[in-house]
Amino acid sequence: MSDTAAEATEQAPPRVETAKRPWWLRHYTFTGTAVGLVFLWFSMTPSLLPRGPLFQGIVSGAAGATGYAIGVFAVWLVRYMRSKDTSPPAPRTAWIALLVIGIIGQILMIVWFHVWQDDVRDLMGVPRLGFWDHPLAAILSIVVLFVFVEIGQLIGKLVRFLVRKLDRFAPPRVSAVIVVGLLIALTIALLNGVVARFAMSTINKTFSAVNDETDPDFPAPMSTLRSGGPESLDSWESLGHQGRVFVSAGPTVEELTKFNGKQAIEPIRAYAGLHSAPGIKATAALAAQELRRTGGLNREVVAVATTTGTGWINEAEASALEYMYNGNTAIVSMQYSFLPSWLSFLVDKENARQAGQALFEA
59 MSDTAAEATE QAPPRVETAK RPWWLRHYTF TGTAVGLVFL WFSMTPSLLP
109 RGPLFQGIVS GAAGATGYAI GVFAVWLVRY MRSKDTSPPA PRTAWIALLV
159 IGIIGQILMI VWFHVWQDDV RDLMGVPRLG FWDHPLAAIL SIVVLFVFVE
209 IGQLIGKLVR FLVRKLDRFA PPRVSAVIVV GLLIALTIAL LNGVVARFAM
259 STINKTFSAV NDETDPDFPA PMSTLRSGGP ESLDSWESLG HQGRVFVSAG
309 PTVEELTKFN GKQAIEPIRA YAGLHSAPGI KATAALAAQE LRRTGGLNRE
359 VVAVATTTGT GWINEAEASA LEYMYNGNTA IVSMQYSFLP SWLSFLVDKE
409 NARQAGQALF EA
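If you use the numbering used here, the sequence shown corresponds to residues 59 to 420, in order.
Written out as structure tokens, the structure is:
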């Protein structure tokens, strides 16, 4: 060995072992996590309709995953515009600060979500959520967020793998466009096929069971002026959960008389459930027959009420009308679905339109 080589060897600086970063710092991006957290918080703000813990968890998790994807895309776009493939990772202190802010912010959002949901449910006249439903929604949102982000990570790895294989036969940009296009087409086909059928089957089974539930606080009516009672054309069981609640509720003759200061008559409530007749038109026709059977067309006011997806009718509005006219009213309605309104709007919107039109025409 020459003297020069020996000197170079002796003067070579010692190799410094760099500390290996934790897997969660290497696996997730700081900007994506921060933006995803903000999106998750925004998803817990008040909505027009009350949300249960399961639905809120799915919505918040999906919103957080969307925010994460936007944050990752923003980082990539900045790198692309700066013509740099990499950028320095966020320091550990930044991650610790984000973790502390995230925990505190999530606790505060759970508290506010509790207050907001109670206000919405009080306005809509539906029962409040239980104490554990609120932290459950937060935990579910984190789990759904994690699952969606992991799925996105796996898809990203698959795209990079396929692009590398296709680079042998096409330019890199062309390979990327082809792979992304194929994955989008495959995803759409999968969602419209297997996933959609499985999801709808599960949803129908779940909400069909809810529709069959009975509430002991709302027994079958003994009056012939209510659907599901004596001489009714449709059975008590066929009215559905919300239909049974509607025909059982409402002010009594005594309450109306006391409120108005003169003798009242019993209000008429005619209703046809989803299982009362086959098809929308037949259900609407049955509701109209119930209205005629009870003598509803002879009342001072006849109200045609449209239901939500589950068949629910706002009891406050129905009772207010009956108090206003001292019971000289008839309310007729029908159920066209047992799915919640938000889901019915997505998958059953045409039925809602047809049901409203059929009931008015009947």
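Built from N, CA and C at the ideal position, the CB exists for glycine as well. None of the values given here were measured: they were computed from a predicted structure.
Sequence-distant residues of the same chain with beta carbon closer than 6 angstroms to R327, five excluded per side: Indexing the sequence shown from 1 puts residue 327 at position 269. Correct list, in chain order: R284, V305, I389.
Neighbour flag for P149 against chain D, beta carbons, 8 angstroms: Although the question refers to chain D, the structure presented lacks it and comprises just one protein chain.
Alpha-carbon spacing of E312 relative to V117, whole angstroms: Residue numbering aside, residue 312 sits at position 254 when the sequence shown is read from its first letter. Residue numbering aside, residue 117 sits at position 59 when the sequence shown is read from its first letter. If you take the alpha carbons of E312 and V117, they lie about 45 angstroms apart.
For R357, the three-state DSSP class (helix, strand or coil): Here the question's residue 357 lines up with position 299 in the sequence shown. Three-state DSSP puts R357 in coil, outside helix and strand.
Counterpart residues of I326 in DSSP-defined beta bridges: As a first step, residue 326 is located in the sequence shown; it is residue number 268 there, counting from the start. In the DSSP output, where bridge partners are listed per residue, I326 has A388.
Member of V268, N318, G301 whose CA lies at the smallest distance from the CA of S334: The residue labelled residue 334 in the question sits at position 276 within the sequence shown. Taking only the C-alpha atoms, the option nearest S334 is G301.
Sequence-distant residues of the same chain with beta carbon closer than 8 angstroms to A374, five excluded per side: Here residue 374 is taken as the residue at index 316 of the sequence shown, counted from 1. G183.
Endpoints, alpha helix (DSSP H) assigned at L107: Taking the sequence shown and counting its residues from 1, one reaches residue 107 at position 49. Counting along the chain, L107 falls outside any alpha helix (DSSP H), and DSSP gives it neither H nor E.
Extent of the continuous alpha helix (DSSP H) to which H192 belongs: Position 134 of the sequence shown holds residue 192. H192 -> alpha helix (DSSP H) spans 191-224.
Cut-off 6 angstroms between Cβ atoms - residues of its own chain near A132, not counting five sequence neighbours on either side: By one-based count along the sequence shown, residue 132 stands at place 74. Once the five neighbours on either side are set aside, A132 has no close Cβ partner at all.
Pairwise C-alpha distance: A330 and Q393: Within the sequence shown, numbered from 1, the residue matching residue 393 stands at position 335. Within the sequence shown, numbered from 1, the residue matching residue 330 stands at position 272. Each residue's Cα considered, the two are about 6 angstroms apart.
Given 8 angstroms, three or more beta-carbon pairs between the segment 186-194 and the segment 168-177: yes
CB of F88 within 8 angstroms of CB of W153, strictly: Translated into positions along the sequence shown, residue 88 becomes position 30. Translated into positions along the sequence shown, residue 153 becomes position 95. It is a contact, given that the beta carbons lie within the stated cut-off.
Nearest-angstrom Cα separation, counted from L240 out to R226: Locating residue 226 in the sequence shown gives position 168, counting from the first residue. Locating residue 240 in the sequence shown gives position 182, counting from the first residue. C-alpha separation (whole angstroms): 18 angstroms.
Meets three-Cβ-pair contact criterion under 8 angstroms: the segment 159-172 and the segment 189-198: yes
The segment 281-300 / the segment 357-373 touching (three or more Cβ pairs under 8 angstroms): yes
Supposed close pair G119, L203 - CB separation, criterion 8 angstroms: For the purposes of this step, residue 119 is identified with residue 61 of the sequence shown, where counting begins at 1. For the purposes of this step, residue 203 is identified with residue 145 of the sequence shown, where counting begins at 1. Contact flag correct, Cβ pair sits at about 4 angstroms.
Element boundaries [alpha helix (DSSP H), containing Q164]: In the sequence shown, the residue the question calls residue 164 occupies position 106. Counting along the chain, the alpha helix (DSSP H) containing Q164 begins and ends at 150-182.
Exposure label - P147; buried when at least 16 CB within 10 Å: Your numbering for residue 147 matches position 89 in the sequence shown. Exposed.
Cβ-based burial, G354 [other Cβ within 10 Å; buried from 16]: Walking along the sequence shown from the start, residue 354 turns up at place 296. By the neighbour-count rule (16 or more Cβ atoms within 10 Å), G354 is buried.
Cβ neighbour criterion (16 or more within 10 Å) applied to N384: Counting from one through the sequence shown, the residue named residue 384 turns up at place 326. Per the 10 Å Cβ criterion, buried.
Residue burial classification, S293 (beta-carbon count within 10 angstroms, cutoff 16): Position 235 of the sequence shown, counted from the start, is the residue given in the question as residue 293. Per the 10 Å Cβ criterion, exposed.
Residue from G94, N269, S101, K316 whose Cα sits closest to the Cα of V207: For this step, residue 207 is matched to residue 149 along the sequence shown. Cα-wise, what sits closest to V207 is G94.
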